Amino acid sequence: MPSEPKTRKSRESTNPRPRDRRRESAKGSKGSVSATHLSLPKLIQENAVLQSRSQLLLMYSDFQTEMPNDGKTGVGTWLQSRLKEHGMPSLLRFGPRSRPQVFRRDEFSEWITLALASVNPNSDTAPQEHLS
(Lines of atoms letter the chains of each structure in order from A and count residues from 1; the text may use other names and numbers.)
(Lines give C-alpha, C1' and ligand atoms only; values in the text may rest on other atoms or scores of the structure.)
Protein backbone atom coordinates (compact mmCIF):
# COMPACT_ATOMS: atom_id res chain seq x y z
CA MET A 1 0.00 0.00 0.00
CA PRO A 2 2.76 2.52 0.57
CA SER A 3 3.55 2.39 -3.15
CA GLU A 4 0.19 3.96 -4.09
CA PRO A 5 0.84 7.38 -2.54
CA LYS A 6 4.31 7.48 -4.13
CA THR A 7 2.90 6.90 -7.61
CA ARG A 8 0.30 9.58 -7.04
CA LYS A 9 2.97 12.05 -5.98
CA SER A 10 5.10 11.26 -8.99
CA ARG A 11 2.11 11.76 -11.29
CA GLU A 12 1.30 15.08 -9.66
CA SER A 13 4.87 16.32 -9.96
CA THR A 14 5.13 15.50 -13.68
CA ASN A 15 1.73 16.78 -14.83
CA PRO A 16 2.14 20.54 -14.19
CA ARG A 17 5.33 20.86 -16.24
CA PRO A 18 3.80 20.04 -19.65
CA ARG A 19 0.82 22.26 -18.85
CA ASP A 20 3.11 25.20 -18.09
CA ARG A 21 4.97 24.67 -21.34
CA ARG A 22 1.70 24.60 -23.25
CA ARG A 23 0.66 27.88 -21.66
CA GLU A 24 3.98 29.51 -22.56
CA SER A 25 3.76 28.36 -26.17
CA ALA A 26 0.18 29.61 -26.39
CA LYS A 27 1.31 33.01 -25.12
CA GLY A 28 4.03 33.11 -27.76
CA SER A 29 1.58 32.35 -30.54
CA LYS A 30 -0.78 35.09 -29.36
CA GLY A 31 2.08 37.57 -29.60
CA SER A 32 2.74 36.62 -33.19
CA VAL A 33 -0.92 37.11 -34.07
CA SER A 34 -0.90 40.62 -32.69
CA ALA A 35 2.34 41.43 -34.53
CA THR A 36 0.74 40.36 -37.81
CA HIS A 37 -2.40 42.27 -36.92
CA LEU A 38 -0.40 45.46 -36.32
CA SER A 39 1.67 45.25 -39.50
CA LEU A 40 -1.31 45.33 -41.89
CA PRO A 41 -2.58 48.77 -40.77
CA LYS A 42 0.95 50.11 -41.25
CA LEU A 43 1.11 48.65 -44.78
CA ILE A 44 -2.28 50.21 -45.52
CA GLN A 45 -1.32 53.66 -44.23
CA GLU A 46 1.98 53.64 -46.12
CA ASN A 47 0.26 52.17 -49.18
CA ALA A 48 3.20 49.77 -49.43
CA VAL A 49 3.36 46.85 -51.82
CA LEU A 50 2.76 43.35 -50.48
CA GLN A 51 5.86 41.24 -49.89
CA SER A 52 6.32 38.36 -52.31
CA ARG A 53 5.82 35.69 -49.63
CA SER A 54 2.77 37.37 -48.12
CA GLN A 55 -0.90 36.97 -48.91
CA LEU A 56 -3.84 39.32 -48.53
CA LEU A 57 -7.19 37.74 -49.26
CA LEU A 58 -10.68 39.17 -48.71
CA MET A 59 -13.40 36.57 -48.22
CA TYR A 60 -17.03 37.35 -48.92
CA SER A 61 -20.06 35.07 -48.56
CA ASP A 62 -19.93 33.65 -52.10
CA PHE A 63 -16.47 34.60 -53.44
CA GLN A 64 -13.01 35.78 -52.47
CA THR A 65 -10.47 38.17 -53.95
CA GLU A 66 -6.69 38.07 -53.52
CA MET A 67 -4.30 40.97 -53.81
CA PRO A 68 -1.74 40.47 -56.58
CA ASN A 69 1.95 40.41 -55.66
CA ASP A 70 2.96 42.44 -58.70
CA GLY A 71 5.26 44.82 -56.81
CA LYS A 72 3.28 47.81 -58.13
CA THR A 73 -0.07 47.95 -56.35
CA GLY A 74 -0.21 49.50 -52.89
CA VAL A 75 -2.11 47.66 -50.16
CA GLY A 76 -4.19 50.74 -49.27
CA THR A 77 -5.14 51.47 -52.87
CA TRP A 78 -6.09 47.85 -53.53
CA LEU A 79 -8.18 47.61 -50.35
CA GLN A 80 -10.00 50.86 -51.08
CA SER A 81 -10.96 49.68 -54.55
CA ARG A 82 -12.15 46.27 -53.26
CA LEU A 83 -14.18 47.83 -50.44
CA LYS A 84 -15.73 50.34 -52.82
CA GLU A 85 -16.65 47.59 -55.29
CA HIS A 86 -17.72 44.78 -52.93
CA GLY A 87 -18.14 46.30 -49.46
CA MET A 88 -16.66 45.01 -46.20
CA PRO A 89 -15.60 41.33 -46.37
CA SER A 90 -16.63 38.70 -43.83
CA LEU A 91 -13.07 37.48 -43.30
CA LEU A 92 -9.62 38.84 -44.02
CA ARG A 93 -6.65 36.52 -44.48
CA PHE A 94 -3.20 38.10 -44.15
CA GLY A 95 0.35 36.96 -43.53
CA PRO A 96 2.93 34.57 -44.88
CA ARG A 97 1.45 32.17 -47.44
CA SER A 98 2.60 29.22 -45.35
CA ARG A 99 0.77 30.41 -42.21
CA PRO A 100 -1.56 33.39 -42.73
CA GLN A 101 -3.82 34.71 -39.99
CA VAL A 102 -7.58 34.91 -40.49
CA PHE A 103 -9.53 37.81 -38.97
CA ARG A 104 -13.30 38.13 -38.60
CA ARG A 105 -15.07 41.34 -39.62
CA ASP A 106 -15.53 42.41 -36.00
CA GLU A 107 -11.77 42.06 -35.47
CA PHE A 108 -10.61 44.22 -38.39
CA SER A 109 -13.43 46.56 -39.45
CA GLU A 110 -12.54 49.38 -37.04
CA TRP A 111 -8.80 49.54 -37.66
CA ILE A 112 -9.08 48.95 -41.41
CA THR A 113 -11.43 51.94 -41.70
CA LEU A 114 -9.06 54.13 -39.68
CA ALA A 115 -6.02 53.00 -41.68
CA LEU A 116 -7.76 53.58 -45.02
CA ALA A 117 -8.71 57.14 -44.02
CA SER A 118 -5.09 58.27 -44.52
CA VAL A 119 -4.52 56.62 -47.93
CA ASN A 120 -4.60 58.62 -51.16
CA PRO A 121 -6.68 56.48 -53.58
CA ASN A 122 -5.36 58.29 -56.68
CA SER A 123 -1.82 56.88 -56.46
CA ASP A 124 -0.13 53.52 -56.03
CA THR A 125 2.61 54.91 -53.80
CA ALA A 126 2.65 56.41 -50.33
CA PRO A 127 0.58 59.60 -50.10
CA GLN A 128 2.63 62.75 -50.69
CA GLU A 129 0.04 65.26 -49.45
CA HIS A 130 0.59 64.34 -45.80
CA LEU A 131 4.33 65.00 -45.98
CA SER A 132 4.14 68.72 -46.79
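Going by the working numbering, the first residue of the sequence shown is number 10, and it counts up by one from there. Backbone N, C-alpha and C fix where the C-beta goes; we use that ideal spot for every residue, glycine too. Since we're looking at a predicted model, the values are computed, not measured.
Taking C-alpha atoms, which residue in the options lies nearest to residue i?
i	options	result
Pro50	Arg106, Arg108, Leu101 and Ser107	Leu101
Asn78	Gln60, Thr86 and Phe72	Gln60
Leu52	Thr86, Ser70, Ser118 and Tyr69	Thr86
Asn56	Glu119, Ser99, Met76 and Ser107	Met76
Met97	Ser107, Pro109, Arg114 and Arg106	Arg114
Gly80	Lys93, Gln89, Leu125 and Val58	Val58
Ser99	Phe112, Arg91 and Leu88	Phe112
Trp120	Thr82, Leu88, Thr74 and Arg62	Leu88
Given that a residue counts as buried once 16 or more other Cβ atoms are within 10 Å of its Cβ, and exposed if not, what is residue i?
i	result
Gly40	With a pLDDT of only 42 at Gly40, under 50, the local geometry of the prediction cannot be trusted, and no value is derived from it.
Phe149	Residue numbering for the chain in the displayed model covers 10 to 141; residue 149 lies beyond these limits and cannot be assessed.
Phe72	exposed
Ser144	The chain is shown from 10 up to 141; residue 144 falls before or after that span and cannot be answered.
Val84	buried
Between the beta-carbon of residue i and the beta-carbon of residue j, is there less than 9 Å?
i	j	result
His95	Leu123	no
Gln54	Ser127	yes
Thr74	Arg91	yes
For residue i, which beta-bridge partners are listed by DSSP?
i	result
Gly152	The structure shown does not extend to residue 152, since the chain spans only 10 to 141, so no value can be given for it.
Val58	Gly83
Phe112	Leu101
Pick out the complete alpha helix (DSSP H) segments inside the segment 65 to 91, 4 residues or longer, and give them in chain order.
List check, alpha helix (DSSP H) in window: nothing returned.
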